[in-house]
Structure formats: C-alpha cells, structure tokens
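Report on the following structure.
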C-alpha cells in the first residue's frame, strides 16, 4: 500500500472522485426543506427516511429498530400538545436530562414544534463527581429559567428538587399514551425568527454559566450553510454516537438530519466508548456516508480497525474530525488502518465549529482529505508568524497544522491583533473574528459576557489563528498560551509530545503555565499514567517538554487514570487543572 504524503492528501484523485460521487447523488436527490424550524419539521416528516437505533443501550429489545421521521413527528406533536396543556407557551425553556434515546429525540422535536427552547443537559461524567454534576445542573436550570425539567427515570435518583427549582417530571409524562393529549391538539405557534430554539450551555464555571442563544434564524442559517459547505443532501446516511447535549451531536447530527428528513443511524456514546470498533461496524452495516467525532475517537477507531475483519467503508465520504485539536498523525493513522476496508483517503478531514455559530464555522471541500501547513514552530512562538518549512526539516521545530477550509456561506472570517484589533495579513497569527448569519446574538442573561464577546459587530472567538489563501488554520486558545522567555508556547505541542511517551495515557496530558521566579511564567505538566517505573516516565516527560518549550518544566505531576478534569463533552480543562494543582488537590500516583 502506498503511504506517501500524496496518497494521504489525495489531491490528484479529488476532482475525479468528487465528480463521480456528485453525479450518483444528484440523480435521486430530493430538495432540502426551507423556511422556519417548524416549517422544516412539518415538511421533513414526509421524507421516506427515519432513524435506526443501534447499539446495546438504545436498540430496542422488542419491536422495530427503525422508526420513520413521520412516526417520530407524530409522537413529537403529542409531546408539544402535552407541554401546552401544562401551561408551557412559545418562548419558554424546557430542560431535559436523559441519555440518548428515541424519547430524548422526540421531546426535543416536540419542544421545537411548540415554539419552546430545548435545554439538553449534560450527563454525569464520573460518579465520583456527582456533587459537582448536581451543582452544575441546577445552576444551568435556574440560570436558563427553565419552566419545566424533564428527567429520565435512570437519572431521577441523582437529581432531587429543592425549593426554588422549577417543576420536575419524568420524560415519560409528556410522551404519547392513554389519557394524554394527542398530536392533533398541538397549536403550532406563528413563526418568529428571533425565538430561541436551543439554549446551549458551554462548559465552564458553575457560578457563571454561559447559555449560547440559538434563535430560529441562526439555526436555520447554519444548517443551510453547513449543508452547502459539506455538500450534504437528502441521500446521506448519517451515523452518530455523539451526545445530544453537545453542539456537534445536537446540531450537527440531529438537527441537520431531522430538519432535512435525512436518514440517521443513532448510537449512544457509552456504546461507542465500550466498543469503539462498533462505530465502523455501524457504518459498514448501514452504508453510512457521513459521520463525525473528536480526535480521540479516531484514535480509538484506528486501534479497533487493526483487529477488524469483513468491513466495507467504501460508502463513507464525509468523516469529520472536530470539537478538539486535530492531530494530523491520528488522521493519517486512521486512513492507513481504514483503506484496506475501502475507505477513500479523501473522506476524512478536520473542520472548524463552535456553539456560538450553532455548529459549522469553516469547512474544507468534501473529498479533499487532510491538508496541512508545515510551519516553523520557533518562529511562530517568537514572532507569531507562520513561516512555511519543509516537512522533512527537524521534526521538533516543525509544527503541522491542518487547514480547516473557508468560512461557510453567510459567515465572514478575519484575523486581528488581539490587542489593537488591527487586521493582520495572511500567515500572521492573531485572534479569529467571525461575522454573519450563523452568529449567536449572545449569552442568555449575561450582558457582560455578550459585550466581551463582540467587537464592532464581530464575534471574538478567543482562538489564535491565521489565514492561508482564505482558509482557516487554528493554532490554539489565547487563554491557554504559555509565555516563556518572550515565546508563545502552545500547550497542545507539549501535551501531544508527552502523550507519545510509553506509560503516559495519550490524550490525557495537560500543560499550563504558572508564575515563577520574578513573575516569569513556568511550565507545569500533569499526566495520567499507567506505568510501574514512574521515575523513568517522569524523566522522559522532562526531556520531551524541554525539547518542545525550551524550558524544563517546574513540576511534573503524575496522576491516576480518569482523574484529569474534563468538560461534559470530554475536553481537557486546563484552567480547572491549574486550580487543582495550586490547591494541591490533584490525585497523584504514589
């Protein structure tokens, strides 16, 4: 098998594969629905498609595993009618706490049909942090002014209402059944482009939660823009295990197929985590054309593919890596493992998105595959300029950064100096700003945070980035950069290098800076380890961090597996880890 860079970045085959695939798809494509969210839900219900539930947690033990959009829609109308009978009116917010299921999907759709904003709440990540889960859940419910909380029976014992909480009912209480309102009683509200459809809480402080407001006009604009940029049409078979409390799952892989009447194969996150290879099996079994996952999920899938047999991945033409920094080596390793099963190397690529634009921000051409910019790491850290170098240069000084494509239709991008706000030329690193139809109007009941987020009508993302021939390249987060001797060291570089050390759990390393002697920032590395010889691991981390940052780490903290702080979507929390370090509360391996 040819593993040359040209093979992994298949530009030579891009046009041919693209033309053939589009010709096949255009022959039988239905027109995508238009109008408001409610208009699209009503229209998409008549599509000859639906949801297939797979995996041990949500595939039914009895009855059909495939449910048509019409059946889900009719049940959702009954949910909307039940909410209205309880006094919930258009513009209200309903919080939902439950695992991925047919019921959760139906209630979300029912909320939207009733003109009610859904607040899908994160599930507890670890039982050891149950108190923190209850605190953050209550904080979001109250801050979001939920008029009602619907909770799955499996989670009811974990969340008890106290004075000041809104009413809490089982999810089953609004599902269709004897003695409950029928869908015919639903009164569809008048269209209102400013009415919230989703209130999406970002991971962060429980004392100051941030609820991203996604009104009707923003959701529909971003769904249309994402479909256009990704060349998604009604013939797709979308395969997802992503949690529905995360924007990639809720917008990217529920809203898009649900509003467009596209076939969806839905699994639960816990089933993927228990058996990552099942993801590829679901794609093979049901001829999936589009799927997505964060970087770590592709690493797990790659390991599983090495043990797999009898898979057919030839139908997969959009395999999106997003939601966390993309490691080019992880993408290339997946391609190498998946090509024997029919995957085209052009199918998997990274893109850029964030909750503040619903989901899709920038997208490369479909079928192009991974394309990287190789830059001098030292020059970037010192001068904030992306000076191109050969990939064959010293590996330590080369930083490979994926190209994330151009802004989706309706969005504009620019990169500015974070201090002066002066627009920067190509290959100059600054803060990424966005403007356009997909941008949120702000954070709910947080005028302070909303003001900070915007500058002269542009959304300030907090991402360090540069542009290259109109395409976006992300370098890191402004707040996470470690300033060492006048250089801007990106923690991702240290974390990735340390994660390759034997005994260290890849993807479970955090690097951050703390003030040292005379106020100079120094590097701290915290790593989850599974090793007997801790001294050798510590020494290897020391040398690796020194090589990347040019400064020996002040402290190397080896902690127990599963104890690094992460968001509800699995992202590492550097600021929280720094707090735990300063408070001497890390769970060290002894």
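Numbering (our numbering), first residue to last: 3 to 592.
All C-beta atoms, glycine included, are put in the ideal place defined by N, C-alpha and C.
Burial state of residue 64, where buried means 16 or more other Cβ atoms lie within 10 Å: By one-based count along the chain shown, residue 64 stands at place 62. Exposed, because fewer than 16 other Cβ atoms sit within 10 Å of the Cβ of residue 64.
For residue 370, does the three-state DSSP call read helix, strand or coil? As a working note, residue 370 is residue 368 in the chain shown. Correct three-state label for residue 370: coil.
Under 7 Å, do residue 87 and residue 172 count as touching if we go by C-beta distance? As a position in the chain shown, residue 87 is number 85, starting the count at 1. As a position in the chain shown, residue 172 is number 170, starting the count at 1. In this structure, residue 172 does not lie closer than 7 Å to residue 87 by Cβ.
Taking only runs of the beta strand (DSSP E) that begin and end inside the region 502–539, which ones reach a length of at least 3 residues, in chain order? 506–517, 523–531
For residue 460 and residue 438, the rounded distance between their alpha carbons: As a working mapping, residue 438 is identified with position 436 in the chain shown. As a working mapping, residue 460 is identified with position 458 in the chain shown. Distance between the alpha carbons of residue 438 and residue 460: 8 Å.
Just to confirm, are residue 117 and residue 191 a CB contact at a threshold of 7 Å? Here residue 117 corresponds to residue number 115 of the chain shown, with the count starting at 1. Here residue 191 corresponds to residue number 189 of the chain shown, with the count starting at 1. Cβ atoms of residue 117 and residue 191: closer than 7 Å.
CB residue 468 to CB residue 429, shorter than 7 Å? Residue 468 sits at position 466 when you count from the first residue of the chain shown. Residue 429 sits at position 427 when you count from the first residue of the chain shown. Their beta carbons are under 7 Å apart, which means residue 468 touches residue 429 by this criterion.
Simplified DSSP assignment, three categories, for residue 321: Walking along the chain shown from the start, residue 321 turns up at place 319. Residue state, collapsed to three classes: strand.
Touching or not, the region 289–297 and the region 236–246, by the rule of three or more beta carbon pairs under 8 Å? yes
Note down, in chain order, each residue of its chain lying with its Cβ closer than 6 Å to the Cβ of residue 331, except the 5 sequence neighbours on either side. Walking along the chain shown from the start, residue 331 turns up at place 329. Excluding positions up to five away in sequence, the list is empty.
For the region 217–232 against the region 405–422, do three or more pairs of beta-carbon atoms, one drawn from each stretch, fall closer than 8 Å, so that the two count as touching? Contact holds between the region 217–232 and the region 405–422, because three or more Cβ pairs, one in each stretch, are under 8 Å apart.
Just reading off the alpha helix (DSSP H) that residue 164 is part of, what are its end residues? Stepping through the chain shown from its first residue, residue 164 is reached at position 162. That residue, residue 164, is in no alpha helix (DSSP H); it is neither H nor E in DSSP.
Measure the C-alpha to C-alpha separation of residue 524 and residue 344 and round it to an integer number of angstroms. By 1-based counting over the chain shown, the position of residue 524 is 522. By 1-based counting over the chain shown, the position of residue 344 is 342. Rounded to the nearest angstrom, the two C-alpha atoms are 47 Å apart.
Might you give, ordered along the chain, the residues of its own chain that have their beta carbon closer than 8 Å to the beta carbon of residue 167, omitting 5 neighbours on each side? What you label residue 167 is simply residue 165 of the chain shown in a count that begins at 1. These residues qualify, in order along the chain: 140, 143, 144, 151.
Please determine if the region 311–321 and the region 79–99 are in contact, where contact requires at least 3 C-beta pairs separated by less than 8 Å. no
Which runs of the alpha helix (DSSP H) at least 4 residues long sit entirely within the region 401–455? Give them in chain order. Runs of the alpha helix (DSSP H) lying entirely within the region 401–455 and spanning at least 4 residues, in chain order: 449–455.
Where does residue 275 land, buried or exposed, given buried means 16+ other C-beta within 10 angstroms? Numbered from its first residue, the chain shown carries residue 275 at position 273. Using a 10 angstroms sphere on the CB of residue 275, the tally of other CB atoms stays under 16, which defines it as exposed.
Beta-bridge pairing of residue 457 - partner residues as DSSP gives them: Taking the first residue of the chain shown as 1, we reach residue 457 at position 455. Within the DSSP secondary-structure output, residue 457 pairs in a beta bridge with 460.
Which runs of the beta strand (DSSP E) at least 3 residues long sit entirely within the region 188–228? Give them in chain order. Here the runs fully enclosed are 198–203, 213–217.
Is residue 321 closer than 7 Å to residue 2 when the C-beta atoms are compared? The question about residue 2 has no answer, for the chain in this structure spans 3 to 592.
Between the Cα of residue 66 and those of 75, 55, 59, spot the shortest distance and give me the residue it belongs to. Counting from one through the chain shown, the residue named residue 66 turns up at place 64. Checked all of 75, 55, 59; the closest Cα to residue 66 is 55.
By a C-beta neighbour count over all protein chains shown, 10 Å radius and 16 as the cutoff for buried, is residue 296 buried or exposed? In the chain shown, the residue the question calls residue 296 occupies position 294. Taking all protein chains shown into account, residue 296 has 16 or more neighbouring C-beta atoms within 10 Å of its C-beta and is therefore buried.
Expressed to the nearest angstrom, what Euclidean distance is found between the alpha-carbon atoms of residue 367 and residue 229? If you number the chain shown from 1, residue 367 lands on position 365. If you number the chain shown from 1, residue 229 lands on position 227. One C-alpha to the other measures close to 12 Å.
Residues in the same chain with beta-carbon distance under 6 Å from residue 580, minus the five sequence neighbours each way, listed in chain order, please. If you number the chain shown from 1, residue 580 lands on position 578. Within the same chain, residue 580 has close Cβ partners 514.
In the DSSP assignment, what are the bridge partners of residue 468? Numbered from its first residue, the chain shown carries residue 468 at position 466. Paired residue(s): 475.
Quick check on DSSP: helix, strand or coil for residue 121? Residue 121 sits at position 119 when you count from the first residue of the chain shown. Note: residue 121 maps to strand in three-state DSSP.
Which residues share a DSSP beta bridge with residue 375? Taking the first residue of the chain shown as 1, we reach residue 375 at position 373. Its beta-bridge partners are 403.
Is residue 491 closer than 7 Å to residue 501 when the C-beta atoms are compared? What you label residue 501 is simply residue 499 of the chain shown in a count that begins at 1. What you label residue 491 is simply residue 489 of the chain shown in a count that begins at 1. No, the pair does not count as a contact, with Cβ atoms beyond the cut-off.
Could you give the distance in angstroms between the alpha-carbon of residue 57 and the alpha-carbon of residue 549? Within the chain shown, numbered from 1, the residue matching residue 57 stands at position 55. Within the chain shown, numbered from 1, the residue matching residue 549 stands at position 547. Straight across, the Cα-Cα distance linking residue 57 with residue 549 is about 44 Å.
Going by DSSP, name the residue or residues bridged to residue 68. In the chain shown, the residue the question calls residue 68 occupies position 66. DSSP, once it has assigned bridges, lists 54 as partnering residue 68.
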